[in-house]
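Novice:
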Amino acid sequence: MQKSVEGRSTIVCKKGQQFIMEGSPVNGLYFLYKGKAKVLKTGIYGKEQILRFVKPGEIMGHRGYGTSKKYAISALAMEDSILCHFSNENLFEMLQSIPALTYDLMLFYGEELDRSETKVKAFAQMTVRERVIDTLLYIHRRFGEKNGFLSLLLSRKEIADYAGTTNEQVIRTLSALKKEKQIYTSGKRIAIGDVNKLKREISEHNYFIDS
1 MQKSVEGRST IVCKKGQQFI MEGSPVNGLY FLYKGKAKVL KTGIYGKEQI
51 LRFVKPGEIM GHRGYGTSKK YAISALAMED SILCHFSNEN LFEMLQSIPA
101 LTYDLMLFYG EELDRSETKV KAFAQMTVRE RVIDTLLYIH RRFGEKNGFL
151 SLLLSRKEIA DYAGTTNEQV IRTLSALKKE KQIYTSGKRI AIGDVNKLKR
201 EISEHNYFID S
């Protein structure tokens, strides 16, 4: 379902529905109003790499505004979601007429680039176990808990796709953490026993993504 008002459209997405396709022409910017989404990119040999998980109040598709004029990422809803879509024309008009918005977007780009570079550097120095722990802490910071478990329900493959490893390595790492009673599981749901203890394990990298 889609309703357009002055270049803006409200889009209702079902769980698993893709609304940005990598390589497709840029047709605007997406603002997540309700729900959860993930942004991913196709890597070598067609393997998916999850770049980030998105919560309400955040934007997607903004990196498409450049020389290529094609989206460099894909995005899909992780649960039933509502998005606000701003067309190219509408966004261009706002950036031209609202200097504060243009300035804030420039700062946003700079901060996001800094976070991306920091992540690449840190992940290159982390072991598989540390990357999986960092992923769990990242989800805990961004989405919090519900009934004692991480509120964002992820498959082992999604954890692997974000941590840059394999399903098998994720399963082994989670199993080890569970035996150590650092995490508890119920089906796909994961609960962290002691957040500070996990933080200390990767503290030497001095790296946490806050958003």
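Going left to right, the sequence shown walks through residues 1 to 211 as the UniProt record's numbering numbers them. For each residue, glycine too, the CB sits at the ideal point set by N, CA and C.
Would you list the one or two residues that DSSP bridges to M126?
Specialist: DSSP output for M126 lists no bridge partner at all.
Novice: Take K38 as the anchor and find which of M60, V26, I192 has the nearest alpha-carbon.
Specialist: It is M60 whose Cα lies nearest to the Cα of K38.
Novice: Whose C-alpha, out of S186, Q182, I190, is nearest the C-alpha of K199?
Specialist: Measuring from the Cα of K199, the nearest candidate turns out to be Q182.
Novice: Taking only runs that begin and end inside the segment 81-145, name each unbroken beta strand (DSSP E) of 3 or more residues, in chain order.
Specialist: Those beta strand (DSSP E) runs which fall completely within the segment 81-145 and span 3+ residues are 81-86.
Novice: Let me check one thing: in DSSP terms, what residues is F19 bridge-paired to?
Specialist: BP columns for F19 are empty, so no partner.
Novice: Taking D161 as the reference, give the member of R115, K41, F143, L152 with the closest Cα.
Specialist: That would be K41, whose Cα lies nearest to the Cα of D161.
Novice: Find out if the Cβ-Cβ distance for the pair F53, L152 is shorter than 8 Å.
Specialist: Yes, Cβ-Cβ distance for F53 and L152 is below 8 Å.
Novice: Can you give me the C-alpha to C-alpha distance between F86 and K188, rounded to a whole angstrom?
Specialist: When rounded, the distance between both Cα atoms is 35 Å.
Novice: Give the secondary structure of K3 by DSSP, where H, G and I count as helix, E and B as strand, and everything else as coil.
Specialist: Model confidence at K3 stands at a pLDDT of 47, short of 50, so the residue's coordinates are unreliable and nothing is read from them.
Novice: Determine contact between the segment 16-28 and the segment 104-114, defined as no fewer than three beta-carbon pairs at a distance below 8 Å.
Specialist: At 8 Å Cβ cutoff, the stretches do not touch.
Novice: Just verifying my parser: in three-state terms, what is the DSSP assignment at Q49?
Specialist: Three-state result, Q49: strand.
Novice: For D80, I'd like the list of residues in its chain whose CB is within less than 8 Å of its CB, leaving aside the five on either flank, ordered along the chain.
Specialist: Answer for D80: V12, C13, K14, K15, G35, listed in chain order.
Novice: With distances taken from CA atoms, which of E204, L136, P56, Y45 is nearest L177?
Specialist: The shortest Cα separation from L177 among E204, L136, P56, Y45 belongs to L136.
Novice: Using DSSP's beta-bridge definition, name the partner residues of K41.
Specialist: In the DSSP output, where bridge partners are listed per residue, K41 has Q49.
Novice: Determine the closest residue to V120 out of G193, G23, T173, L51, with distance taken between C-alpha atoms.
Specialist: The shortest Cα separation from V120 among G193, G23, T173, L51 belongs to L51.
Novice: Please go through the same chain and pick out, in chain order, the residues whose beta-carbon is closer than 7 Å to the beta-carbon of I73, but skip the five residues on each side of it.
Specialist: Cβ neighbours of I73 beyond the five flanking positions: I20, E22, V39, L40, K41, L51, R63.
Novice: Please report the Cβ distance between S186 and F149, rounded to the nearest whole angstrom; I am assuming they are in contact, meaning their Cβ atoms lie under 8 Å.
Specialist: Their Cβ separation, rounded to whole angstroms, is 7 Å, which keeps S186 and F149 in contact under 8 Å.
Novice: Expressed to the nearest angstrom, what Euclidean distance is found between the alpha-carbon atoms of M106 and I192?
Specialist: Whole-angstrom Cα-Cα distance: 36 Å.
Novice: Taking Cβ positions, are I202 and E130 nearer each other than 8 Å?
Specialist: Contact: yes.
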